[in-house]
Amino acid sequence: MTKKPKAVRIKPPLTTRISKQRYLLIMLAPGIIWYVLFKYVPLMGLSLSFTDYGFRSKVSFVGLENFQRLLTSTIFWNAFRNTLIISLANIVFYFPAPLIVALLINELRSTKAKRFIQFLIYIPYFFSWVVVGSIFVNLLSPSSGLVNNIITKFGGDPIYFMASANHFRPVLISSYIWRQMGYGAVIYVASLTTVQPELYEAATIDGAGHWGKLFYVTLPGIRSTIVTMLLLNLSHVLLIFEQVLVMYNAAVYDVADVLQTYVFREGVLSGDIGYSIAVGMFTSIISLILVLSTNKISSRFLDEPIL
Amino acid sequence: MQQKTMNAIKDSKGRKAFRVINVLTLSFICLIFIIPIWNVLVTSFAQDIDVMGNDYLLIPHSFTLTNYTRVLSSGYMGAFKNSLLVAIAGTILSMCITVPMGFALAQKELIGRNILMKAIVFTMVFDAGIMPFYIVVRELGLINSMGAIIFPVALSTFNLIIIKNFMTSIPTSLIESATLDGCNDLMILVRIVLPLSVSIIAAVTLFYFVSYWNRYFEVIMFINDSRKYTLQVVLRGLMFESDESLGGGTYVYNNLKMAVMVLGMLPVLIIYPFVQKHFVSGLMLGGVKG
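If you read the protein sequences in the order shown, they are chains A and B.
To convert a position in the first sequence, counted from 1, into my numbering, add 349.
To convert a position in the second sequence, counted from 1, into my numbering, add 20.
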């Protein structure tokens, strides 16, 4: 008896496959062109950080001069420090907020109430930074803002939140939380529904209290969502830009100037392009390291890595 | 035995207390979200006299449409039209690029699929930054044209992955039987896949629309001609810098400012209630996973 031959799928030659998939390839083309043009060509543009591109018509190679300049610039270090402080505050205060709110929402019994609050807190996510910034200008205005109205009612002096070096960063963080929290909370609430109810029953039988269930069932059940959210957050935390650009003003440059706004001013407004690319590249590389190392660390707690 | 019943009662009391505190906390959180938005709406319908006293209006004292009629006949409408134009044209273009690409990437036999997906996800974790992007747009000769605020942001990796993931979940048997019937991939997309993807398409369309509508920094970076500014740019000028172009006076009252602001939030306020559930399902499918 001859053995049944193993089913081996031989791929047809490439040319046949290409002609078979010609419609798919045509559909891909515009997207690929876009990625090359606006994502990969800019990556090649990073090499300009080793040149003095920007001022003279003739571009010459300057080696690491831009990076040396960056390391000795006090404005750069100030922007760097501000970026770190704001990012750290963001992670500490913003990152847990949606999770906590989602856990609270999950405890509500009424489905209607659950739906309503998600509907409500998700709204600001669709407002622009200009709108969110304006809403905070209103809320914090020294003359007519709600917060200052309350402060003066209790006999305090009105605070110029938007123009005060001590208060501007908390304003940035709280407006960030206000805009972004609903997005995270909605994702967490949806993710919480995927935790299997049998696990809770088993935990009850094993005598777990509410805290026990939280730490041994709920949180482990949504851990991959938590890590995904953390990575998403980390991937743009250092690149904070538009929010600051909209909300800052000359009075708070010292505490609000971040790396990206520094790049924007040096590059677009002053035309010092080679140098500003160097600053941008520095930021992107640190950001990449941050995301990849977090991914590496977190993959130990997960069945499969996120990235 | 008695001990046990005691515990049960204690426990449920604790639960009750927790539930009350929980409802109070969440109600407070709701207020934090409602009050500032409510204030904008109420103020935009208030008469001048109600905003002169520097109150943070929460209870409407008057109702007037004059703020809106003044805004509608002012220069802000030009910016409003620009925003609308960019958002509509941009969304159409984005969908025309994203949907076919997502469909192609969802086909498992696609040539080079894995490499493409890796190359696409890579752009999510490593960004070349503002300046190289600026130079590319400048070299393409797009500065000061509407194209500069459409083409460079025409595709969102996030939206692409949402669509790709959804279309991957469509049973391959449907597609295979259509192939046997002699459909090519384009016909499969239009006749079979699109009708099945209506809700995800709706969600992504609105994600794109809102993202175009809300753009700010691309506009100030690429557009120098103030006649081409979008609403967000002029709104920022109005709210953060003193601006006297509205109403002719030296001071712009808050009610007028808020009317412009409502204009800036308008698409979201109109569209959002209808599509909120799609937004949620879209987000869940998205994730960052490729």
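Each residue gets a CB set at the ideal place from its N, CA and C atoms; glycine is no exception.
Chain B beta carbons: is any one of them nearer than 8 Å to that of residue i?
{"i": "A:GLU550", "result": "no"}
{"i": "A:GLN370", "result": "yes"}
{"i": "A:THR460", "result": "no"}
{"i": "A:GLU414", "result": "no"}
{"i": "A:LYS645", "result": "no"}
{"i": "A:TYR537", "result": "no"}
{"i": "A:GLU591", "result": "yes"}
{"i": "A:SER524", "result": "no"}
{"i": "A:ILE508", "result": "no"}
Quick one, which of the options has its alpha-carbon nearest residue i's?
{"i": "B:LEU226", "options": "B:ALA124, B:MET97, B:ASN275 and B:GLN296", "result": "B:GLN296"}
{"i": "B:PHE294", "options": "A:SER513, A:PRO362 and A:PHE468", "result": "A:PHE468"}
{"i": "B:GLU238", "options": "A:ILE634, A:TRP560, A:ILE526 and A:TRP478", "result": "A:TRP478"}
{"i": "A:LEU579", "options": "A:LEU453, A:ALA552, A:ILE536 and A:PHE429", "result": "A:ILE536"}
{"i": "B:THR45", "options": "A:LEU437, A:ALA446, A:VAL604 and A:VAL612", "result": "A:ALA446"}
{"i": "B:ILE243", "options": "B:PHE123, B:ALA66 and B:VAL106", "result": "B:VAL106"}
{"i": "B:ILE79", "options": "B:PRO120, B:TYR249, B:SER64 and B:THR89", "result": "B:SER64"}
{"i": "B:ILE112", "options": "B:SER217, B:ILE221, B:ALA37 and B:ARG35", "result": "B:ILE221"}
{"i": "B:VAL145", "options": "A:VAL480, A:SER648, A:PHE650 and A:ILE634", "result": "A:ILE634"}
{"i": "B:SER82", "options": "B:ASN74, B:ALA66 and B:LEU92", "result": "B:ALA66"}
From the beta carbon of residue i, is the nearest beta carbon of chain A less than 8 Å away?
{"i": "B:GLN127", "result": "yes"}
{"i": "B:LEU105", "result": "no"}
{"i": "B:SER265", "result": "Summary for B:SER265: the model assigns pLDDT 45, below 50, so the residue's position carries little reliability, and this model does not support an answer."}
{"i": "B:PRO152", "result": "yes"}
{"i": "B:PRO56", "result": "yes"}
{"i": "B:ASP205", "result": "yes"}
{"i": "B:MET281", "result": "yes"}
{"i": "B:ASP147", "result": "yes"}
{"i": "B:MET97", "result": "no"}
{"i": "B:VAL224", "result": "no"}
Using three-state DSSP, classify residue i as helix, strand or coil.
{"i": "A:PHE404", "result": "coil"}
{"i": "A:PHE564", "result": "helix"}
{"i": "B:PHE38", "result": "helix"}
{"i": "A:PHE475", "result": "helix"}
{"i": "B:GLU264", "result": "Confidence in B:GLU264 is poor, its pLDDT being 43 and thus under 50, which makes the residue's placement too unreliable to answer from."}
{"i": "A:PHE410", "result": "strand"}
{"i": "B:ARG256", "result": "helix"}
{"i": "B:LEU286", "result": "helix"}
{"i": "B:ILE169", "result": "helix"}
{"i": "A:ALA649", "result": "Just to set this straight, residue 649 of chain A is Arg in the shown sequence, not Ala. A:ARG649 falls in the coil class under three-state DSSP."}
{"i": "A:PHE485", "result": "helix"}
{"i": "A:HIS516", "result": "coil"}
{"i": "A:THR542", "result": "coil"}
{"i": "A:PRO569", "result": "helix"}
{"i": "B:PHE146", "result": "coil"}
{"i": "A:ARG458", "result": "coil"}
Please report how far the alpha carbon of residue i lies from the alpha carbon of residue j, in whole angstroms.
{"i": "B:TYR154", "j": "B:MET241", "result": "8 Å"}
{"i": "B:ASN87", "j": "B:LEU136", "result": "52 Å"}
{"i": "A:THR432", "j": "B:SER176", "result": "25 Å"}
{"i": "B:ILE163", "j": "B:ILE169", "result": "9 Å"}
{"i": "A:ARG371", "j": "B:THR199", "result": "14 Å"}
{"i": "A:ARG528", "j": "A:TYR474", "result": "5 Å"}
{"i": "B:MET166", "j": "A:PHE387", "result": "16 Å"}
{"i": "B:MET97", "j": "B:ARG90", "result": "10 Å"}
{"i": "A:ALA627", "j": "B:ILE150", "result": "11 Å"}
{"i": "B:ALA126", "j": "B:ASN204", "result": "15 Å"}
{"i": "A:ALA512", "j": "B:SER94", "result": "30 Å"}
{"i": "B:ILE41", "j": "B:ARG35", "result": "10 Å"}
{"i": "B:VAL218", "j": "B:ILE212", "result": "11 Å"}
{"i": "B:ALA109", "j": "A:PRO391", "result": "25 Å"}
{"i": "B:LEU85", "j": "B:LEU61", "result": "12 Å"}
{"i": "A:SER490", "j": "B:LYS138", "result": "47 Å"}
{"i": "B:LEU180", "j": "B:ARG133", "result": "14 Å"}
{"i": "A:GLU456", "j": "B:GLY284", "result": "35 Å"}
Would you check if the stretch 604-612 of chain A and the stretch 392-405 of chain A touch, i.e. whether three or more CB-CB distances between them fall below 8 Å? no
With a threshold of 8 Å, are at least 3 pairs of Cβ atoms found where one atom belongs to the stretch 457-474 of chain A and the other to the stretch 497-506 of chain A? no
Does the stretch 581-591 of chain A come within contact of the stretch 635-642 of chain A, defined as at least 3 CB pairs closer than 8 Å? yes
Would the stretch 555-572 of chain A and the stretch 592-601 of chain A be scored as touching if the rule is three or more Cβ pairs under 8 Å? no
Should the stretch 65-73 of chain B be called in touch with the stretch 273-280 of chain B, which here means at least 3 C-beta pairs below 8 Å? yes
Take every Cβ of the stretch 111-126 of chain B, pair it with every Cβ of the stretch 182-190 of chain B, and state whether three or more of those distances are shorter than 8 Å. yes
Decide if the stretch 243-263 of chain B is in contact with the stretch 277-286 of chain B; the criterion is three or more beta carbon pairs, one per stretch, under 8 Å apart. yes
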